[in-house]
Amino acid sequence: MVSIGKDNIYYLRNYLLSKALEESRANSLKGAFLDYLELLPESQSHLSVAENSIYQKVAIAGLRNRKNDFSKDDILRLLGQASKIDGTPMPWVSDVWGVLGVNFAAKLLGDDDITRKHAVWLKTFLPKQVRENRLNDYEKDVASLLTGDDKQSFSTACIELFLHYKKIITIHSHDQKQRLRSKFFDELQNNVDWNLPAQVLSIYVYVIDQLNSEVLIVSPNGWDTKDLVNFLENLPVGLKRWTWEEKNRTPNSPPEKWGIHNEYHVQNLLYFVLAPIFGDITDENYLESLGQKTPRIDLYLPSIHTIIEVKYRKDTKKSFQSFIGEIAEDISLYRSDPKYKDCQLISFLWDHTRSTQEHPKFKDGVMKMDGIQGCVVICSPSFMT
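Residue numbers (this note's numbering): 918 to 1302.
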């Protein structure tokens, strides 16, 4: 079996998209699903709905998030229809993707009566389709979501990741997401029959795009925490050329001194050097309040699920012991949030006092804390002090 490399993924992604687009050209409902995934080109975006059934009209409006494209009466008519007429199943009985669109449409209206009738409507056909094994694995996963299965589990990484990226479900654990990522690429390599409906093909394309957006830019193998710590520890090499002018260097410009005077300046510096490497970097992330406390993450790197906690020592009035206490408190606050309970943590201290004799003991203390993967201490360049 040939492994899927970057080039192969690129060609496979485009191949799947071309198949999905071709299949959706004459089918407005399939086109609407690609539009929902933001994969429909402008040339195909004008979907004809004039000849569609009431079911297709409602499903397309739900997928395209267009509340004004259908009425409450439209969806009530649909939900009042039987799933079989003279023994013949209605089109939606075997169309999980269209039913997902109807689900979106019902939620758009925000009407309790419609929500109740929609749940009853689903139960008239969807559980039976699952029991009689009339759905493929992808469709079963979506059916499980739609019917609110208490024991909901997903057999395909493709669908679980798709629902996560669409914010329909949440994958809190970084480890779980990594396992799903590996399983997804195994599915691509080993288990996929490309004679699948356009909706499934387009979901594979969508998930590939989402995963690619999370991949680090600089290294084919990705950076780990050790690489990041080594990079941060080498920042003083670049600071040798930091702008700190005692007199003007050119006739028409005054002398400049780029001071680092507080924690926010350090945070901005780190953002500046890390953003070209970690395109997904975020800063000033506020977590859920804990009583009167509102925790805030300084810098977060989602692609390696790592938090950088930034500290600044302005003068000797604040002891290293107090910093250790603050870091310990920060760790406990981060761990209280399900999204960050298994994240990696790096402590970064900018020491303007240049108290290098204290650094080994401080780093040793920080590294003994549970959950800390790195502790970096940088001194202000001598010309700043």
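The beta carbon of each residue, even a glycine, is placed where N, CA and C say it ideally should be. In this text the structure is predicted, and so the values were computed from the model without any measurement.
### Query
With distances taken between CB atoms, is the gap from residue 1012 to residue 980 smaller than 8 Å?
8 Å or more divides the Cβ of residue 1012 from the Cβ of residue 980.
### Query
What first and last residue would you give for the beta strand (DSSP E) that runs through residue 1215?
1213-1218
### Message
I'd like the list of long-range same chain contacts for residue 1296, defined as Cβ closer than 6 Å, with 5 residues on each side in sequence excluded.
### Response
1268, 1271
### Message
In the DSSP output, what is residue 1001 paired with across the bridge?
### Response
1006
### Task
Compute the beta-carbon to beta-carbon distance between residue 946 and residue 976, rounded to the nearest angstrom, for a pair I have assumed lies under 8 Å.
Rounded, the Cβ-Cβ distance is 6 Å, consistent with contact.
### Message
Per DSSP, what are the beta-bridge partners of residue 1292 in this structure?
### Response
DSSP output for residue 1292 lists 1264 as bridge partner(s).
### Task
Alpha carbon to alpha carbon, how far is residue 931 from residue 1149? Give it in angstroms, no decimals.
Spanning the two alpha carbons is a distance of roughly 38 Å.
### Query
Helix, strand or coil for residue 1177 per DSSP?
coil
#### Entry: Close-in-space but distant-in-sequence residues of the same chain around residue 1173 (CB under 6 Å, 5 per side omitted)
1160, 1162
### Message
Can you tell me which residues form a DSSP beta bridge with residue 1223?
### Response
1218, 1261
### Task
Spell out whether any CB of chain C is found under 8 Å from the CB atom of residue 1141.
Looking at the structure shown, chain C is missing, and only one protein chain is on hand.
### Message
Using a Cβ distance threshold of 8 Å, determine whether the segment 1273-1280 contacts the segment 1243-1256, with at least three qualifying pairs required.
### Response
no
#### Entry: Those runs of the alpha helix (DSSP H) which lie wholly inside the segment 1039-1063 and span at least 4 residues
You should have 1043-1048, 1054-1063.
### Query
From the DSSP output, which residues share a beta bridge with residue 1228?
1266
### Task
Answer with buried or exposed for residue 949, where buried requires no fewer than 16 other C-beta atoms within 10 angstroms of its C-beta.
buried
### Message
Please give me, in chain order, every unbroken run of the alpha helix (DSSP H) with length at least 4 that falls completely inside the segment 1094-1160.
### Response
1115-1131, 1142-1150, 1152-1156
### Query
Could you check where the beta strand (DSSP E) with residue 1318 kicks off and where it finishes?
In the structure as shown, the chain starts at 918 and stops at 1302, and residue 1318 therefore has no counterpart that could be examined.
### Message
At the level of alpha carbons, what is the spacing between residue 1304 and residue 1228?
### Response
Here the chain comprises residues numbered 918 to 1302, so residue 1304 is not present and cannot be evaluated.
### Message
As a quick exercise: from 1293, 1286, 1235, 1222, pick the residue whose alpha carbon is nearest that of residue 1259.
### Response
1222
### Query
Candidates 1009, 1281, 1063: which alpha carbon is nearest residue 999's?
If we check each option's Cα against that of residue 999, 1009 comes out closest.
### Message
Here's the rule I'm using: 16 or more other beta-carbon atoms within 10 Å means buried, otherwise exposed. How should residue 1020 be labelled?
### Response
buried
#### Entry: For residue 1033, the nearest candidate out of 997, 1066, 1014 (CA to CA)
997
### Message
Considering only the alpha carbon of each residue, which of 1217, 988, 937 lies closest to residue 1199?
### Response
The closest CA to that of residue 1199, considering only 1217, 988, 937, is found on 1217.
### Task
Give the straight-line distance between the Cα atoms of residue 1048 and residue 1193, rounded to the nearest whole angstrom.
50 Å
### Task
Evaluate the contact criterion for the segment 1038-1047 versus the segment 1086-1103: three or more CB pairs, one atom per stretch, below 8 Å.
no
### Query
How many angstroms separate the CA atom of residue 890 from the CA atom of residue 935?
Residue 890 lies beyond the stretch modelled for the chain, which goes from 918 to 1302, so this question has no answer here.
### Message
Between 974, 1282, 1093, which has its C-alpha nearest residue 993's C-alpha?
### Response
974
### Range of the contiguous alpha helix (DSSP H) that encloses residue 1248
1237-1252
#### Entry: Reference residue 929; option with closest CA among 1065, 1072, 1121
1121
### Task
Taking only the alpha-carbon atoms, compute the straight-line gap between residue 1039 and residue 1064 and give it to the nearest angstrom.
7 Å
### Task
Kindly list the residues whose CB is nearer than 6 Å to the CB of residue 1279, restricted to its own chain and excluding five residues on each side of it in sequence; keep chain order.
Answer for residue 1279: 1237, listed in chain order.
### Query
Between the beta-carbon of residue 1262 and the beta-carbon of residue 1289, is there less than 8 Å?
yes
### Query
Is the Cβ-Cβ distance between residue 1104 and residue 1060 less than 8 Å?
no
### Secondary structure of residue 946, DSSP reduced to three states
helix
### Rounded straight-line distance, which links the Cα of residue 1057 to that of residue 1070
Rounded to whole angstroms, residue 1070 to residue 1057 spans 10 Å at the Cα level.
### Environment of residue 1300 [buried if 16+ CB atoms lie within 10 Å]
exposed
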